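One structure below.
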């Protein structure tokens, strides 16, 4: 412990982290229970047990708070794999995606995404979210290019969207289960074309 | 024209077809404007200018009427191509899907699908809808197998879901445009793996 002033201002990081965790849990719980229409900074503050003014100062809008909460949850639930080979990286990534999409929380967040992506107030935040995710996944593909597993000119975004698309179609449009073997089968269907074989 | 009784009962097919067309247009317009929550046979009847009892006798529930309307619209907007080769069949299919997903009507119907697929009252209808679509698409893949373009043991459902998945992810999760070249690029990414090359 470092010396310094005593009192409640001493560990702003600790308090700030607690406010953040409570706000993220609250916004995600509210979206799950009532949908994004019911979201407001006041409702989130009440659920989180924090002052609305704290949320307002930190995030400004419900959209920004929701974006941060979803980004943080996605980064935790679907971290970027680094297994040493492209095929196993992608299978692991799709396993994490598949598991997350089968949780009540994952389903609520995706349904919220689909319900809001075309709404102007949410649209910027969607784009920011996917840009952040693509930056994270870029390193996965970059490593594969460096190992000679993908050509440098590969359209990695198309590859990624094609890999995950089938999971979204099954889970959200068909409401069908996602078998455990699906990640491996999807990767083995798409990788030959991506590798130009 | 056959001889027979005169009067309003003479051409039940004509009247029935008009009621059906009006009911389909009404249910799709209502879903587009207000979402599926606002749907009721009474609201659809009012919009269509027909008796609620006619809708009730013919469809029984709003879910069945919505299913029939969407199936009919999908069959009209995305007919099953038959170009003589698998690659061009799939590119044409994805072009039709892509075009439909970019219409206000297509977007409203898919959002309704995602919002309702997990709701028990709609679930059976979703499964019926996709079963019908798969039967139609089965002939496309069957012709490819007969021409020797696909192995008989190909998992055509996985192939189909992977092909269309990227369009749904782009249009509904990322809210990104669907470039004209996308159908061709997706088919050329996936077909090598599907053909075991």
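Residue numbers (UniProt numbering), protein chains in the order written: chain A, 1 to 197; chain B, 1 to 197. We treat Cβ as the ideally placed atom computed from N, Cα and C, and that holds for glycine. Bear in mind that the values here come from a model prediction, so they are computed numbers and not experimental data.
Query raised in the report: Going by C-alpha distance, which of B/87, B/101 and B/23 is nearest residue 165 of chain B?
Result: B/101
Query raised in the report: Which two residues bound the contiguous alpha helix (DSSP H) that contains residue 70 of chain B?
Result: 62 to 77
Requested in this report: Go ahead and pull the three-state DSSP assignment for residue 51 of chain A.
Outcome: coil
Query - C-beta contact flag for residue 65 of chain A and residue 186 of chain A at 8 Å - result: no
Query raised in the report: For residue 170 of chain A, is the classification buried or exposed, using 16 other Cβ atoms within 10 angstroms of its Cβ as the cut-off for buried?
Result: buried
**Report entry** Anticipated Cβ contact below 8 Å, residue 105 of chain B with residue 44 of chain B, distance rounded
**Finding:** With a Cβ gap of about 16 Å, residue 105 of chain B and residue 44 of chain B do not count as contacting.
Requested in this report: Tell whether a beta-carbon distance below 8 Å holds between residue 89 of chain A and residue 79 of chain A.
Outcome: no
Query raised in the report: Under 8 Å, do residue 175 of chain B and residue 62 of chain A count as touching if we go by C-beta distance?
Result: no
Query raised in the report: Do the CB positions of residue 72 of chain A and residue 182 of chain A come within less than 8 Å of each other?
Result: no
**Report entry** Euclidean distance between Cα positions of residue 24 of chain A and residue 56 of chain B
**Finding:** 46 Å
Query raised in the report: Where in the region 112 to 168 of chain B do unbroken runs of the alpha helix (DSSP H), each at least 4 residues long, occur, reported from the N-terminal end onward?
Result: 120 to 146 and 156 to 168
Query raised in the report: Should residue 200 of chain A and residue 168 of chain B be called a contact, given that it needs their Cβ atoms to be closer than 8 Å?
Result: The structure shown does not extend to residue 200 of chain A, since chain A spans only 1 to 197, so no value can be given for it.
Query raised in the report: By how many angstroms is the C-alpha of residue 110 of chain A removed from the C-alpha of residue 16 of chain B?
Result: 40 Å
Report task. Would you tell me roughly how many angstroms separate the C-alpha atoms of residue 116 of chain B and residue 162 of chain B, rounded to the nearest one? Result -> 22 Å
Query raised in the report: Do you know whose CA, among A/194, A/193, A/178 and A/21, lies nearest residue 107 of chain A's CA?
Result: A/178
**Report entry** Which of helix, strand or coil DSSP assigns to residue 99 of chain B
**Finding:** helix
Requested in this report: Alpha carbon to alpha carbon, how far is residue 114 of chain A from residue 75 of chain A? Give it in angstroms, no decimals.
Outcome: 19 Å
Query raised in the report: Roughly how many angstroms separate the alpha carbons of residue 83 of chain A and residue 180 of chain A, rounded to a whole number?
Result: 19 Å
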